[in-house]
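Participant:
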Amino acid sequence: MNIDFLLYIVLFSQIMFLSYYYPRRMLIRIHTIFKNYPPDEFPKLYPESIDKYRKLAKRYQRMNHLMIGLGLGLILWFYVTPRTGEWDQVIVFWYFMIQFIPNIGIDLWAMKYHNAMRLLNQDTQKEAVLQPRRLTDFASKSLLGTVFVIYVIFVGFIAYVDQFDYSWFSGYLTVLIISGTYLFFGLIIYRTMYGKVKNPHQSYEDRKIDIQTLIRQVISIAIAVTFYAMLQISLKALGIESFKAVTISLYFHVIGFLSMQWPRLDFINFDVYKDKPDLTK
Amino acid sequence: MIKYFDLIYNICTISTSSTNINNKMRIQIDTNLSTPLFNQLMDQIKKAVMDGLLKPGDSLPSIRQLANDLELNHNTVAKAYRLLERDSVIQTKGYRGTSIHVDAIQNSTVNMNASITTKLGKTIKSLRKSGATDSEIRIAFSIMMKN
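If you're matching them up, the sequences are chains Z and G in order.
Going by the numbering used here, the first residue of the first sequence is number 528, and it counts up by one from there.
Going by the numbering used here, the first residue of the second sequence is number 18, and it counts up by one from there.
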């Protein structure tokens, strides 16, 4: 199969997965909540008007449609433009960055949403569980051990490649970058476990599930990042760089799948959103 | 294509049905009550010890975790922990965190405020008996408190 043709297929799959399938699942989730948990019964779930949230959901959908158009345009451009393939990987990377903007928008919206919830919260009673949270409560020791082993393998791999004195190889700087990424992920986990409560109404059980989901996502992404770094170095060392654009696109598929793990709606306790906040009474 | 993605999604999705944390002891504070927040915390921890919900050696959350969970200032929780440690209800072992003291059950019954009130009451009574006026006692008390 022609490498260009393979890139078109993988890139098309990336477009459909991240700008159609992923948002579709997100929107189904949002609209299911709107339908099954309406504002008159669950007022605490809607610190602002439901119409505003409907508009935001619509905007999210439109932005993703725009990303699909942009992606298909990119494939067409790849098809009609004679190119060496040298910049393909960079172009696919930047397309992904743009493609993910609607999801960043959703995250920012979630932050504003929780802030509004906190502002409206008039509950004077606060509850906590007198039990320390530990990383092993949320991620199994075998999973944590796996990340550690993969990191050690990665350092060993860099040490091995380093002896060939490739001019392009940045050596232990790669280890530093990956270590920095791990550190950043560690900070995210720490903040999630011990940071401030985002949703003031959320039950402790639901919060635990949220923490667990995020920790497992972050750990899986850390593993994916490490494997991807090794794969990229291997491709360059073996002289098959033409596959780089395909592999980066496949890597974004993996990141998308890992980011798409939301707690099941039927496991969430929505009863906590039933009482009307005092300010809106 | 959607079915294909659904299949992969179902394979890749991590089950988030439950976590392996057991809910042991819940603490509840009310910001509307006149009782200071650190006192509410102390009383509830002591009560949990006396009721057997917290046993000697049981770990307690860190100050940061508890303060953030209860949306309180860290100093409030730190003060409650400090006073509970003074009363030997809890003990702090550096990086190993805070846990319930071995003698917590006996020590939880001790009410420091009541004990201070009783002792001061007795002293004031004996001073009055010896002829000291209330203003003299007050002045002496404030001097002693300043030292």
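Glycine included, every Cβ here is placed at the ideal spot set by N, Cα and C.
Bear in mind that the values here come from a model prediction, so they are computed numbers and not experimental data.
With burial defined as no fewer than 16 other Cβ atoms inside 10 Å of the residue's Cβ, what is the status of A655 (chain Z): buried or exposed?
Facilitator: Burial call: buried.
Participant: Along chain G, which residues have their Cβ under 7 Å away from the Cβ of Q649 (chain Z)?
Facilitator: Within chain G, no residue comes near Q649 (chain Z); the closest Cβ sits about 10 Å away, beyond 7 Å.
Participant: Quick one: using the 10 Å Cβ neighbour count with 16 as the cut-off for buried, is P78 (chain G) buried or exposed?
Facilitator: Counting Cβ neighbours within 10 Å, P78 (chain G) comes out buried, since at least 16 surround it.
Participant: So, is the C-beta of M42 (chain G) closer than 8 Å to a C-beta in chain Z?
Facilitator: M42 (chain G) counts as touching chain Z.
Participant: Does E102 (chain G) get closer than 8 Å to chain Z when you measure Cβ to Cβ?
Facilitator: Judged by the 8 Å Cβ criterion, E102 (chain G) is not in contact with chain Z.
Participant: How long is the line joining the alpha carbons of A131 (chain G) and R113 (chain G), rounded to whole angstroms?
Facilitator: Rounded to whole angstroms, A131 (chain G) to R113 (chain G) spans 33 Å at the Cα level.
Participant: How would you call Y549 (chain Z), buried or exposed, if buried means at least 16 neighbouring beta carbons within 10 angstroms?
Facilitator: By the neighbour-count rule (16 or more Cβ atoms within 10 Å), Y549 (chain Z) is buried.
Participant: Against chain G, with Cβ distances strictly below 8 Å, would K653 (chain Z) count as a contact?
Facilitator: Yes, because at least one Cβ of chain G sits closer than 8 Å to the Cβ of K653 (chain Z).
Participant: If I705 (chain Z) and V752 (chain Z) are in contact, beta carbons under 8 Å, what's the gap, nearest whole angstrom?
Facilitator: That belief holds up - the Cβ atoms of I705 (chain Z) and V752 (chain Z) are roughly 7 Å apart, short of 8 Å.
Participant: In the segment 104-138 of chain G, which residues sit with their C-beta less than 7 Å from some C-beta in chain Z, listed in chain order?
Facilitator: Cβ contacts with chain Z come from G114.
Participant: Where does D75 (chain G) fall in DSSP's three states?
Facilitator: Residue state, collapsed to three classes: coil.
Participant: Please list, in chain order, all residues of the same chain as L703 (chain Z) whose beta carbon is under 8 Å from its beta carbon, the five residues on each side excluded.
Facilitator: No residues qualify anywhere along the chain.
Participant: Just to confirm my understanding: we take V119 (chain G), look at its own chain, exclude 5 residues before and 5 after, and list those with CB closer than 7 Å. What are they?
Facilitator: Closer than 7 Å at Cβ, skipping near neighbours: P73.
Participant: So, for A643 (chain Z): in the same chain, excluding its five sequence neighbours on each side, which residues have a beta-carbon less than 7 Å away from its beta-carbon?
Facilitator: These residues qualify, in order along the chain: P574 and E575.
Participant: Closest by CA to K735 (chain Z), which one among Z:L758, Z:L714, Z:P790 and Z:S761?
Facilitator: If we check each option's Cα against that of K735 (chain Z), Z:P790 comes out closest.
Participant: Using a cut-off of 9 Å between C-beta atoms, extract the partners of L778 (chain Z) located in chain G.
Facilitator: Just to set this straight, residue 778 (chain Z) is Tyr in the shown sequence, not Leu. Per Cβ cutoff of 9 Å: no residues; Y778 (chain Z) is ~14 Å from chain G at best.
Participant: So which residues of chain G does G722 (chain Z) contact, with C-beta pairs closer than 7 Å?
Facilitator: Chain G residues near G722 (chain Z): N85.
Participant: To the nearest angstrom, how far is the alpha carbon of V799 (chain Z) from that of R103 (chain G)?
Facilitator: Roughly 38 Å separates the two Cα atoms.
Participant: Three or more C-beta pairs closer than 8 Å, one from the segment 775-784 of chain Z and one from the segment 707-723 of chain Z: is that the case here?
Facilitator: Cβ pair count under 8 Å is below three, so no.
Participant: So N49 (chain G) contacts chain Z; which residues on that side make the cut at Cβ distance below 7 Å?
Facilitator: Under the 7 Å cutoff, chain Z gives T651.
Participant: In this structure, does DSSP put D47 (chain G) in helix, strand or coil?
Facilitator: Looking at D47 (chain G) - three-state DSSP - the assignment turns out to be strand.
Participant: Measuring only the C-alpha atoms, how far is I44 (chain G) from I80 (chain G)?
Facilitator: So the alpha carbons of these two residues sit roughly 14 Å apart.
Participant: Exposed or buried, R155 (chain G), counting other C-beta atoms within 10 Å across all chains shown (16 or more means buried)?
Facilitator: Looking at its Cβ environment, which holds fewer than 16 other Cβ atoms inside 10 Å, R155 (chain G) is exposed.
Participant: With a cut-off of 8 Å, does the C-beta of I38 (chain G) fall near any C-beta of chain Z?
Facilitator: In this prediction, I38 (chain G) has a pLDDT of 45, which is less than 50 and means its spatial position is unreliable; what the coordinates show is noted afterwards. With 8 Å as the cut-off, I38 (chain G) counts as an interface residue toward chain Z.
Participant: Roughly how many whole angstroms lie between the Cα atoms of M543 (chain Z) and P659 (chain Z)?
Facilitator: If I take the Cα positions, the gap works out to 42 Å.
Participant: Taking the continuous beta strand (DSSP E) assigned at T109 (chain G), which residues delimit it?
Facilitator: Unbroken beta strand (DSSP E) run through T109 (chain G): I107 to T109.
Participant: Can at least three beta-carbon pairs, one atom from the segment 779-786 of chain Z and one from the segment 531-545 of chain Z, be found at a separation below 8 Å?
Facilitator: Taking 8 Å as the limit for Cβ pairs, the verdict is that the segment 531-545 of chain Z does touch the segment 779-786 of chain Z.
Participant: At which residue ranges does the segment 538-613 of chain Z contain complete alpha helix (DSSP H) runs of 4 or more residues, listed in the order of the chain?
Facilitator: You should have 549-563 and 577-607.
Participant: Could you give the distance in angstroms between the alpha-carbon of K96 (chain G) and the alpha-carbon of A121 (chain G)?
Facilitator: In a straight line, the C-alpha of K96 (chain G) is about 18 Å away from that of A121 (chain G).
Participant: Check for me: the alpha helix (DSSP H) holding V702 (chain Z) runs from which residue to which?
Facilitator: From DSSP, the alpha helix (DSSP H) with V702 (chain Z) extends over Y699 to Y721.
Participant: For A756 (chain Z), report the span of its alpha helix (DSSP H) as first-last.
Facilitator: From DSSP, the alpha helix (DSSP H) with A756 (chain Z) extends over Y731 to A764.
Participant: Can you have a look at R743 (chain Z) and say buried or exposed, based on whether 16 or more other CB atoms are within 10 angstroms of its CB?
Facilitator: Buried.
Participant: Looking only at its own chain, which residues have a Cβ that is under 6 Å from the Cβ of V676 (chain Z), when we skip the five neighbours before and after it?
Facilitator: Closer than 6 Å at Cβ, skipping near neighbours: no residue.
Participant: Just verifying my parser: in three-state terms, what is the DSSP assignment at T115 (chain G)?
Facilitator: Looking at T115 (chain G) - three-state DSSP - the assignment turns out to be strand.
Participant: Does the beta-carbon of T611 (chain Z) have 16 or more other beta-carbons within 10 angstroms, so that it is buried, or is it exposed?
Facilitator: Classification of T611 (chain Z): exposed, given that the 10 Å Cβ count is below 16.
Participant: Beta-carbon of V656 (chain Z) versus every beta-carbon of chain G: anything under 8 Å?
Facilitator: It does: the Cβ of V656 (chain Z) has a partner Cβ on chain G nearer than 8 Å.
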